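Participant: One rule links them: number in the numbering used here = place in the sequence shown (from 1) + 1.
Got a structure here, written out as structure tokens. Questions coming.
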Amino acid sequence: MAKLLYSATASLDGYIAGPDGDMSWLTEHLTGDNPTADRLLPNIGAILAGNRTFGGDDPNRGTDSEGAFGGQYHGPVFVLTHRPPAEPPADVTFVGDLHSAVAQARAAAGEKYVNILGADVAKQCLRAGLLDEILILFAPVLLGDGVPIFDDPGGERVRLVPIPGETEHWYSVVR
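Dropping the structure here:
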């Protein structure tokens, strides 16, 4: 069965987006080789994103690199939302319930990862005991403010264990 992986690129001070969801800071950090990201991409079978992430800022908007993973991802996308668009894109499935969205994404992903995009959906999956792994790629920048990797005031401590042979920022969630 597919594992749920929350992957994100973050600033060194822990933000995945700047104020108001600004992603323009990321553009200069998407160049060059990243062996971990390169290894991950072919192992993603589906994407599960929140509505804010899906409809939000894309640092590559209007270029050949627009879309998930710099435009390199081509596969099933599921968006968790209670407000689907009146005319949804043909290649995107909008789902109003977390457990249904996860089940559909897992079925589509097969034995590959369901890659979660968006801190809020990742938090919901973590709280529901559904999140399996977390991968954070750090960009050499300090944003000072924005959307944190995780924001769960009053949440519980979650133990993570490094995944052997991976980067020091790829962890299994201990349940």
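Every residue, glycine too, gets a C-beta built ideally from N, C-alpha and C.
Just so it is clear, the structure is predicted and the values come from calculations on it, not from any experiment.
Touch check for the segment 92–112 and the segment 148–165: three-plus C-beta pairs under 8 Å?
Facilitator: No contact exists between the segment 92–112 and the segment 148–165.
Participant: If you compare alpha carbons, which of Ala110, Gln105, Tyr74, Arg53 is closest to His83?
Facilitator: Along the sequence shown, read from residue 1 onward, the residue named residue 83 stands at position 82. Taking only the C-alpha atoms, the option nearest His83 is Arg53.
Participant: So, under 8 Å CB-CB, Leu144 and Asp21 are touching, yes? Tell me the CB distance rounded to an integer number of Å.
Facilitator: Taking the sequence shown and counting its residues from 1, one reaches residue 144 at position 143. Taking the sequence shown and counting its residues from 1, one reaches residue 21 at position 20. Rounded, the Cβ-Cβ distance is 12 Å, inconsistent with contact.
Participant: Can you give, in chain order, each stretch of the beta strand (DSSP E) that sits fully within the segment 76–108 and has at least 3 residues?
Facilitator: If we require 3 residues or more, the beta strand (DSSP E) runs fully inside the segment 76–108 come out as 78–81, 93–96.
Participant: Helix, strand or coil for Asn52? Go by DSSP, reduced to three states.
Facilitator: Counting from 1 along the sequence shown, the entry for residue 52 is found at position 51. Of the three classes helix, strand and coil, the one that applies to Asn52 here is helix, per DSSP.
Participant: For the beta strand (DSSP E) that Ala9 lies in, which residues bound it at each end?
Facilitator: By 1-based counting over the sequence shown, the position of residue 9 is 8. Run containing Ala9: 5–12, per the beta strand (DSSP E) assignment.
Participant: Does the beta-carbon distance from Ala108 to Phe79 come in below 8 Å?
Facilitator: In the sequence shown, counting from the first residue as 1, residue 108 sits at position 107. In the sequence shown, counting from the first residue as 1, residue 79 sits at position 78. Not in contact: Ala108 and Phe79 (Cβ atoms no closer than 8 Å).
Participant: My understanding is that Ile117 touches Leu6, with C-beta atoms under 8 Å, so please give their C-beta distance in whole angstroms.
Facilitator: Within the sequence shown, residue 117 is the residue found at index 116, counting from 1. Within the sequence shown, residue 6 is the residue found at index 5, counting from 1. 7 Å between Cβ atoms; contact.
Participant: Using the DSSP secondary-structure output, state which residues sit across from Pro149 in a beta bridge.
Facilitator: Here residue 149 refers to the residue found at position 148 of the sequence shown. Pro149 is bridged to Tyr16.
Participant: Go through its chain and collect everything with a Cβ distance to Ala11's Cβ below 8 Å, but skip five positions before and after it.
Facilitator: As a first step, residue 11 is located in the sequence shown; it is residue number 10 there, counting from the start. Ile17, Ile137, Leu138, Phe139, Ala140, Ile150.
Participant: Less than 8 Å between the CB atoms is what I'm expecting for Ala3 and Leu49, so what's the real figure, rounded?
Facilitator: Taking the sequence shown and counting its residues from 1, one reaches residue 3 at position 2. Taking the sequence shown and counting its residues from 1, one reaches residue 49 at position 48. About 10 Å; that fails the 8 Å criterion.
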